Amino acid sequence: MIKIATLDYKSVEEDRGWYKIWVTENTVIHILSILGFDYSDFKDSIEISDNLCCIYVGESDNLQKRFKNHFSEKSSSFSRHIKAILQNDNTPFSNEVLSNWLSECYVEYGLAKDLDKSLAEHEACLINSHLRILNHESNEHPKAKPIIEKIKQLN
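Note that this note's numbering has the sequence shown beginning at 349, numbered continuously upward.
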């Protein structure tokens, strides 16, 4: 996993692939708290590795462009969901707050050519294998629905 604050976008392949976005457990607790949920109700469903929680997975035809979009331009669905959540926190919101939050994320990724199935199939498996609290499209995890509905209300 690579911390976004240290990611050199030019080192990321301009190739098709999948990715996971990870944050600290305290960040997940904070996000769920802002949304009015208790982390203990979701903890067993969230993928945790190295004390980080996976909150979003995706696929892209160009990983380098996708990472720039998610973490620099702040126009992606991922960034919009984070912005909506942070704007409902009890602290003043600014683009700097969003940038700081995004810089604390970690990313893990792989290339489509290394998969034994299609990229779309791999993404669907990743989304539904655990609770991804910020994936809305194709998220059929049983515990995702109330989180998705709450975030939609905020947008």
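All C-beta atoms, glycine included, are put in the ideal place defined by N, C-alpha and C. Since the model is a prediction, treat every value here as computed from it, not as a measurement.
Beta-bridge partners of residue i, as assigned by DSSP
{"i": "E456", "result": "K368"}
{"i": "I350", "result": "V455"}
Supposed contact pair residue j and residue i - C-beta distance, whole angstroms, cut 8 angstroms
{"i": "A468", "j": "E407", "result": "7 angstroms"}
{"i": "I352", "j": "C473", "result": "Actually they are not in contact, since the Cβ atoms of I352 and C473 sit about 24 angstroms apart, beyond 8 angstroms."}
{"i": "I369", "j": "I481", "result": "The pair is not a contact, with the Cβ atoms about 11 angstroms apart (cut-off 8 angstroms)."}
{"i": "Q412", "j": "V360", "result": "4 angstroms"}
{"i": "F426", "j": "Y404", "result": "6 angstroms"}
{"i": "L479", "j": "I396", "result": "The Cβ separation is near 11 angstroms, so there is no contact."}
{"i": "E362", "j": "N417", "result": "Contact flag wrong, Cβ pair sits at about 13 angstroms."}
{"i": "I495", "j": "F385", "result": "7 angstroms"}
Assigned exposure category for residue i - 16 Cβ within 10 Å defines buried
{"i": "K431", "result": "buried"}
{"i": "S487", "result": "It should be pointed out that residue 487 corresponds to Asn in this sequence rather than to Ser. It counts as buried."}
{"i": "F390", "result": "buried"}
{"i": "N483", "result": "buried"}
{"i": "Q400", "result": "Note that residue 400 is Leu in the sequence shown here, rather than Gln. By the neighbour-count rule (16 or more Cβ atoms within 10 Å), L400 is buried."}
{"i": "L450", "result": "buried"}
Chain-order list of residues whose beta-carbon lies under 6 angstroms from that of residue i (same chain, five-residue window excluded)
{"i": "I382", "result": "I433, N436 and D437"}
{"i": "H470", "result": "W366 and L463"}
{"i": "K498", "result": "L383"}
{"i": "R414", "result": "S408"}
{"i": "A460", "result": "R364, G365 and L467"}
7 angstroms Cβ shell around residue i - same chain, five flanking residues per side excluded
{"i": "V445", "result": "L434"}
{"i": "L502", "result": "A432, I433 and N436"}
Close-in-space but distant-in-sequence residues of the same chain around residue i (CB under 8 angstroms, 5 per side omitted)
{"i": "I350", "result": "Y454, V455 and E456"}
{"i": "T372", "result": "N399, L400, C401 and E452"}
{"i": "T439", "result": "V445"}
For this session: Please specify which runs of the beta strand (DSSP E), each continuous and at least 3 residues long, are wholly inside the segment 382-454, giving them in chain order.
Result: Annotation note: the segment 382-454 contains the following uninterrupted beta strand (DSSP E) runs of length 3 or greater, listed N- to C-terminal: 400-408.
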